[in-house]
Every structure is written in structure tokens, then in C-alpha cells.
Amino acid sequence: MHNHFLSGHTAHHRPTRRDFFAHLLGGALAGASILELSVHRAAWARALAPAAGSPLFDIEKVADGVYCALARAQALINANAAIFVNSEDVLVVDTHSKPSAAAALIAQIKKEVTTKPVRYVVNSHFHWDHMQGNSAYKAGGAKVDFVASEPTRQWMEKESKARLQASLDEAPKQIAALQSRMSKAASAAEKAFCQEQIRQLEAYQAEMKSFSLELPTIAFTRSHVIKDRAHDLHVEFHGRAHTAGDVVVFCPQKKVAATGDMIHGFLPYIADGYPKTWPRTMDSVAGLAFDQILPGHGPVHHGRQRMTSMRNYIEELTARVDEGKKAGRSVAELEKTVTVESLQSLEGNGYAEYVADNLYKFFPNFGPAAPLQDGVNTNISEIYKNLDRV
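This is the structure we're talking about:
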């Protein structure tokens, strides 16, 4: 693995976000998207800010009894969490990258939202930043049901331990590379940056060496409905998209949907995805009567415009890659011609600017944002590999 970013810039190679995070997180982020890479880079940038000791989440009220915990940048990405306050208890969607992050949210919910106990936890899909904190919700013998689709349960059981171990195996190399870079740091800020990354990697190592996988206790094929005096919560599988088992949590009375990483405000991650199926799955979800979206990452969506733009982007880019692959063109060739400017789904309705603006918010200490084309190129490679997945 090349360490271009960690060893410093050269005249011939401008390090990309992929270079940086492929080294720093190794197997845990193999094939990761611009979304998941960018949030990691932002995490370390913001960790240097004076607010490093502040809460991990900004809790935003979306509707009566419905909140979104927007994840602040941290060294290892945390998903957003959707919070539904029932008549006697609480349902939370997604549990972040580690138990300590979930424990921090539990404390923040008690302080800022409600003292009612969390009774249900939904894992929107099997990715590490959405389920590795599950065990925190069982602390003290609390009665909690973990809810997910059957495919998500299977993928958690099959993949989670190996993916976690890969990240732990890679961590010493990452730390050594950071120590080397720190010894050559050109400024106090760069040295502090390296020190903070090392600290957070070591903290992750220490915590996750004793990680215990908490599997769903309720796994379903199509839907699981929780009826409460406050509202009904429909946990639904509409088809393959970001993964084989993505679910949404729909509340008809409050007209909101929590969507995990199927729908969010950044470019999609398609390495585990189904590019031809994903837009159709989103079409099915769009049939639900909601007007606000609590996404897996990024800001709350008020309205459906950005959901539609994301859907159209996946569909348009997949069609372009499919056409090129059938014509015998390589990924490298497609990356030269399938540009941000050539994609109507990105250029229309200000979607490219919206995505770029959201990404830029995660790079306050790194100067100009990396080109959005980097993310498009990542998606081209992911789609090229997964075109035949249905």
C-alpha cells in the first residue's frame, strides 16, 4: 500500500482522500466511498478544534417526538442516529462505530431529549459505523431488542468480525506511519494533527480489542411494525440498495423516514451496493408518505429534492458505466470522460454544489476541498465492479 499522503506530497502525485484513508484505516475501509472517507478526514481535522471535548452529536428536533442526532466529526466515523420517543420508551436507529460513541449518545438523549429508556435499536444495515455500538444499549441489563432485516443479520454475522479485525491488524502500521510523518512535520499544526490521529487510533484499538458483536434479536423479511400510543413505526425492507439489507424506519403520523445510507446528502458508497437496483428501491421508498428524511450521514432533508437528485445520479452514472463497459472501455478511460460536468443529475438543481458544500464542511482545516470528481471516479470504479449485482 502506498503511503503518499503520510510521506508528504511529491511533484508527481497529489495524494487523494483514498490514499490517505486507505492507509489510515486499511481493511476497515477497503473500497470506501467519498462519503465514508471524507467524513473520516474531517473527523481528524475537527478533532483539533477547541470543541473536541464537546458532545459527539448535535440533536435536532425534526417533528414532535422525533429527533436526529447529527454526528460531529470524530477520528472514526459515527453514523447519525434517528430518535423516536414513544409513549413509554425510545427507538434509536443506528449505533455508530464503537460502544463508547453509543454510550455518549445515550447520555446525551437523557440530558437533552428524554429520560425514557431505549427499548428498540434498529440497525439500518451491516456496516461498522451503524452497528458496532450495539452493546452499549444493553449496559446494566437493559431490556433492548435489536431490529434489522434478515440479510443484515446474516451479513453482520458473516462479515463484521473479519472487517473489524482487519482494521485492528492495520492500526500498528498506521500509527507507525503517522509517527514517521510527525517526526518530519513542517509545522506545529501538522505535528498536533498527527498526535491527535495517533491518540484516537490507539483509543479505538484499546476499545475494540474486546468488542462483542451484538446481533439483531428481531430479524424480518419485509417489515416489522411497532405500534405505540404516540405513533406507529414501520421498519421496512424495500429492496437492495446500499447493501443487501437496507431498511427504512417510517413514521406515518409524523411524516418522517430514517433511511440509513440508502439516502443521504453526500455521494453514495457502492462497494457493497447494487447500482442497477438502488434507484428502484428508492422509488419504492418514495411511495411512503413522508416529507422529511433522517439520513445516515449529513444534514436532515426537509423535502424530497435531494433524495431525487441522489437517485437520479446513481441511475445516470450506472447507465454511463454500463454503456462504457459494454463498449470495452476500462475504468481509467471512463474516469476521463464521465465528468461532473457531463452528468445532468449532478449539474441540475444545484446538486453538485449541494454535495460539495456538505463535503467541504468536513474539511475546515485542510484548505481547498478535494475535487468532486474524486468521488465520481470512486463511484465509477464501484459501479464497474458491481454492475451485474441484482
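Counting from 1020, one number per residue, gives the positions in the sequence shown under this note's numbering. From the three backbone atoms N, C-alpha and C, an ideal C-beta is built for every residue, glycine too. Computed from a predicted model, the values in this text were never measured in an experiment.
Starting from residue 1278 and walking both ways along the beta strand (DSSP E), at which residues does that stretch end?
-> The sequence position of residue 1278 within the sequence shown is 259, counting from 1. 1275-1279 is the span of the beta strand (DSSP E), which, as asked, contains residue 1278.
Minimum C-alpha distance to residue 1252 - residue among 1315, 1258 and 1244 = The count along the sequence shown starts at 1 and reaches residue 1252 at position 233. The shortest C-alpha separation from residue 1252 is found at 1244.
Three-pair Cβ contact test at 8 Å for the region 1195-1203 versus the region 1127-1145 | The answer is no - the region 1127-1145 does not touch the region 1195-1203, with fewer than three Cβ pairs under 8 Å.
Which full runs of the beta strand (DSSP E) of 3+ residues lie inside the region 1279-1341, going along the chain?
-> 1311-1314
In or out: residue 1352 buried (at least 16 other Cβ within 10 Å) or exposed?
-> Taking the first residue of the sequence shown as position 1, residue 1352 is located at position 333. So residue 1352 counts as exposed.
Is residue 1279 near residue 1265, with beta carbons less than 8 Å apart?
-> The count along the sequence shown starts at 1 and reaches residue 1279 at position 260. The count along the sequence shown starts at 1 and reaches residue 1265 at position 246. Yes, they are a contact pair.
Keeping to the same chain, check which residues put their C-beta closer than 6 Å to that of residue 1370; ignore five residues upstream and five downstream.
-> As a first step, residue 1370 is located in the sequence shown; it is residue number 351 there, counting from the start. Answer for residue 1370: 1328, listed in chain order.
For residue 1309, I'd like the list of residues in its chain whose CB is within less than 7 Å of its CB, leaving aside the five on either flank, ordered along the chain.
-> Locating residue 1309 in the sequence shown gives position 290, counting from the first residue. Here the set comprises 1269, 1274, 1275 and 1276.
Helix, strand or coil at residue 1406 [DSSP, three-state] = Position 387 of the sequence shown holds residue 1406. Reduced to three states, the DSSP call for residue 1406 is coil.
Spell out the partners DSSP gives residue 1223 in its beta bridges.
-> Here residue 1223 refers to the residue found at position 204 when the sequence shown is read from its first residue. In DSSP, residue 1223 forms no bridge with anything.
Take residue 1043 and list the residues in its own chain whose beta-carbon comes closer than 6 Å to its own, dropping the five residues that flank it on each side.
-> Position 24 of the sequence shown, counted from the start, is the residue given in the question as residue 1043. Bear in mind that the predicted position of residue 1043 carries a pLDDT of just 35, short of 50, making it unreliable; the figure below should be weighed with that in mind. Once the five neighbours on either side are set aside, the close Cβ partners of residue 1043 are 1193.
Could you say which of 1362, 1357 and 1349 lies nearest to residue 1330 if we only look at CA atoms?
-> Numbered from 1 along the sequence shown, position 311 holds the residue referred to as residue 1330. Nearest option by C-alpha distance: 1362.
Coarse secondary structure for residue 1205, derived from DSSP in three states | By 1-based counting over the sequence shown, the position of residue 1205 is 186. Here residue 1205 sits in coil by DSSP.
What residue from 1153, 1173 and 1088 has the CA that sits closest to residue 1119's CA?
-> Here residue 1119 corresponds to residue number 100 of the sequence shown, with the count starting at 1. Per the Cα distances, 1153.
At least three beta-carbon pairs within less than 8 Å, the region 1153-1173 to the region 1226-1241 = yes
Among 1332, 1356, 1337 and 1318, which has the Cα closest to the Cα of residue 1087?
-> The residue you call residue 1087 lines up with position 68 of the sequence shown. Closest by alpha carbon: 1318.
Comparing alpha-carbon positions, which option in 1096, 1364, 1393 and 1391 lies nearest residue 1220?
-> By 1-based counting over the sequence shown, the position of residue 1220 is 201. Cα-wise, what sits closest to residue 1220 is 1096.
Residues bridged to residue 1242 [DSSP beta-bridge criterion] = Within the sequence shown, residue 1242 is the residue found at index 223, counting from 1. According to DSSP, which records beta bridges pairwise, residue 1242 is partnered with 1255.
Below 8 Å on the Cβ atoms is my guess for residue 1170 versus residue 1263; work out the distance and round it to an integer in Å.
-> Residue numbering aside, residue 1170 sits at position 151 when the sequence shown is read from its first letter. Residue numbering aside, residue 1263 sits at position 244 when the sequence shown is read from its first letter. Contact flag correct, Cβ pair sits at about 4 Å.
Proximity of residue 1082 and residue 1311 at Cβ, strictly below 8 Å = Numbered from its first residue, the sequence shown carries residue 1082 at position 63. Numbered from its first residue, the sequence shown carries residue 1311 at position 292. Their beta carbons are under 8 Å apart, which means residue 1082 touches residue 1311 by this criterion.
Element boundaries [beta strand (DSSP E), containing residue 1140] | Here residue 1140 is taken as the residue at index 121 of the sequence shown, counted from 1. Its beta strand (DSSP E) spans residues 1137-1141.
Under the three-state reduction of DSSP, which class applies to residue 1359: helix, strand or coil?
-> As a working mapping, residue 1359 is identified with position 340 in the sequence shown. Three-state DSSP puts residue 1359 in a helix.
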